[in-house]
Amino acid sequence: MERLTNIVSSIIANLALLHRGKPQARRLAIPMEHRKATRYDRPGFGMLPKVIDQMAVLGLIIKHPAVAKERRTGIEATGWLLEALAAPALPLADIGRASGEEVIKLAARAGRDRRGRKLPSIPVDYKDCRTADRLREEMEEINTFLAKQKIELDGEPQAAVRLARYYLLRKPSDPHEFMLHGRLYGGFWQSLPKARRGGLTINGEPIADLDFASMFPRLCYARVGAIPPEGDLYAIPGLEGHRAAVKAGLSALLSSGSEMARLPSDVKAALPAGWTAKRLRDAVAVKHPALMPLFGKDIGLDLMHYESCIMVAVLLRLASLGIPGLPMHDGLMVPRSFATRAKRAMEFLVVQMTGTQIVSVVKATN
1 MERLTNIVSS
11 IIANLALLHR
21 GKPQARRLAI
31 PMEHRKATRY
41 DRPGFGMLPK
51 VIDQMAVLGL
61 IIKHPAVAKE
71 RRTGIEATGW
81 LLEALAAPAL
91 PLADIGRASG
101 EEVIKLAARA
111 GRDRRGRKLP
121 SIPVDYKDCR
131 TADRLREEME
141 EINTFLAKQK
151 IELDGEPQAA
161 VRLARYYLLR
171 KPSDPHEFML
181 HGRLYGGFWQ
191 SLPKARRGGL
201 TINGEPIADL
211 DFASMFPRLC
221 YARVGAIPPE
231 GDLYAIPGLE
241 GHRAAVKAGL
251 SALLSSGSEM
261 ARLPSDVKAA
271 LPAGWTAKRL
281 RDAVAVKHPA
291 LMPLFGKDIG
301 LDLMHYESCI
311 MVAVLLRLAS
321 LGIPGLPMHD
331 GLMVPRSFAT
341 RAKRAMEFLV
351 VQMTGTQIVS
361 VVKATN
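Per my numbering, the sequence shown runs over residues 1 to 366.
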């Protein structure tokens, strides 16, 4: 009975977060396959598939079948359960986290399907080692500190947060190392639209949104030992007003394993009509000729890892100073009164770790 209670409670809690905390999402991905348990599975959840099926029969949830090599089984609440979960009377702060969750995750690329689409990465059940233990200790220190902070959105206390680092291997046969990707995920604020960040408070104080200026290209310049041009490194002639598209396009050029022949769909949609992969590459090359040797070399994961190591170092330094930080990928949010001290710590650590200066800027939050 205890196992059944834990399973149902977990499903209800996750559905509450889905329907209350992530209105842009509709389905909760559920692992339904029968396989050996790994370090990522919660003990005692072997009955999960049967419980999901029974809840669907009872009309509590809608179950969306999995599509092979594309997506997992998805569920969403329906009927009276959906109404109850969406009601303001349900405090998000009452939702906690089960202990023992793995915070150092490793997966491997699975390649592409016949249409050229990326297949879901494959979780890697690695063996514990000193590196993983050290990384886990760092995340536990960060999570323990954040758990003591009062984080609210529009005056409402939020559910418990547990950040994790996600590492990646280029292929399943690669040695189990923690050298690629490594970005932090798990914070509800990471998917929060910019327009809503002004509603965030930490310990009752409005936040300051700090961002490393042009982080990716500056890390590239540090890698090739060149000095970047002055100004906004994402300002490409012909693409004025399309900074987000340039940022995504440069990331694609650096993440491709060969010369990029076609634009990724999200980049193509963000660029003006008529722009091709070649035109984008040529335009970026005019602005950044020193970075051309990096195009098509699949170094995006390396840069993400460098970026994530800087972020972890910043979070640990701030925690030692009693300053809570909510990490994004190339920036973080802190209580507004600590903005100057946090900015100073960010800029000091990035010079210490990369040998190059990357200025952090305070972005508007409302």
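Each residue gets a CB set at the ideal place from its N, CA and C atoms; glycine is no exception.
Could you tell me which whole beta strand (DSSP E) segments of length 3 or greater appear in the segment 151-233? You should have 151-153, 164-169, 181-185, 200-202 and 205-212.
Note the first and the last residue of the continuous beta strand (DSSP E) segment covering His305. Here residue 305 refers to the residue found at position 305 of the sequence shown. Taken as a continuous stretch (DSSP letters only), His305 belongs to no beta strand (DSSP E), being part of the alpha helix (DSSP H) at Gly300 to Ser320.
What first and last residue would you give for the beta strand (DSSP E) that runs through Val334? Position 334 of the sequence shown, counted from the start, is the residue given in the question as residue 334. Where Val334 is concerned, the enclosing beta strand (DSSP E) stretches over Gly331 to Pro335.
Which residues bound the alpha helix (DSSP H) around Ser9? The residue given as residue 9 occupies position 9 in the sequence shown. Its alpha helix (DSSP H) spans residues Glu2 to Ala16.
First through last residue of the alpha helix (DSSP H) which encompasses Ala339: By one-based count along the sequence shown, residue 339 stands at place 339. Ala339 to Thr354 is the span of the alpha helix (DSSP H), which, as asked, contains Ala339.
With DSSP collapsed to three states, give me the class of Arg71. One-based indexing of the sequence shown puts residue 71 at position 71. Strand at Arg71.
Between Ala248 and Arg196, what straight-line distance do the alpha-carbon atoms span, to the nearest angstrom? Mapped onto the sequence shown, residue 248 falls at position 248. Mapped onto the sequence shown, residue 196 falls at position 196. The alpha-carbon atoms of Ala248 and Arg196 are separated by roughly 22 Å.
Could you have a look at Glu367 and say whether DSSP puts it in helix, strand or coil? With the chain covering only 1 through 366, there is no way to say anything about residue 367.
Delimiting residues of the alpha helix (DSSP H) encompassing Lys287: Taking the first residue of the sequence shown as 1, we reach residue 287 at position 287. Where Lys287 is concerned, the enclosing alpha helix (DSSP H) stretches over Ala277 to Lys287.
Indicate whether Gly296 and Glu347 have their beta-carbon atoms separated by less than 7 Å. Within the sequence shown, numbered from 1, the residue matching residue 296 stands at position 296. Within the sequence shown, numbered from 1, the residue matching residue 347 stands at position 347. Contact flag unset, no.
Is the segment 127-142 close to the segment 100-107, with three or more CB pairs under 8 Å? yes
Does the Cβ-Cβ distance between Ile323 and Ala342 come in under 7 Å? Position 323 of the sequence shown, counted from the first residue, corresponds to residue 323. Position 342 of the sequence shown, counted from the first residue, corresponds to residue 342. Yes.
Have a look at Ser173, Ser255 and Leu250 and flag the residue whose alpha-carbon is nearest the alpha-carbon of Ala270. For this step, residue 270 is matched to residue 270 along the sequence shown. The residue with the shortest Cα to Cα distance from Ala270 is Leu250.
Reference Asn143, options Phe188, Ser191, Ala164 and Lys150, closest by Cα: Along the sequence shown, one-based indexing puts residue 143 at 143. Comparing alpha-carbon positions, the option among Phe188, Ser191, Ala164 and Lys150 lying closest to Asn143 turns out to be Ala164.
Give the straight-line distance between the Cα atoms of Leu90 and Lys287, rounded to the nearest whole angstrom. As a position in the sequence shown, residue 90 is number 90, starting the count at 1. As a position in the sequence shown, residue 287 is number 287, starting the count at 1. About 52 Å.
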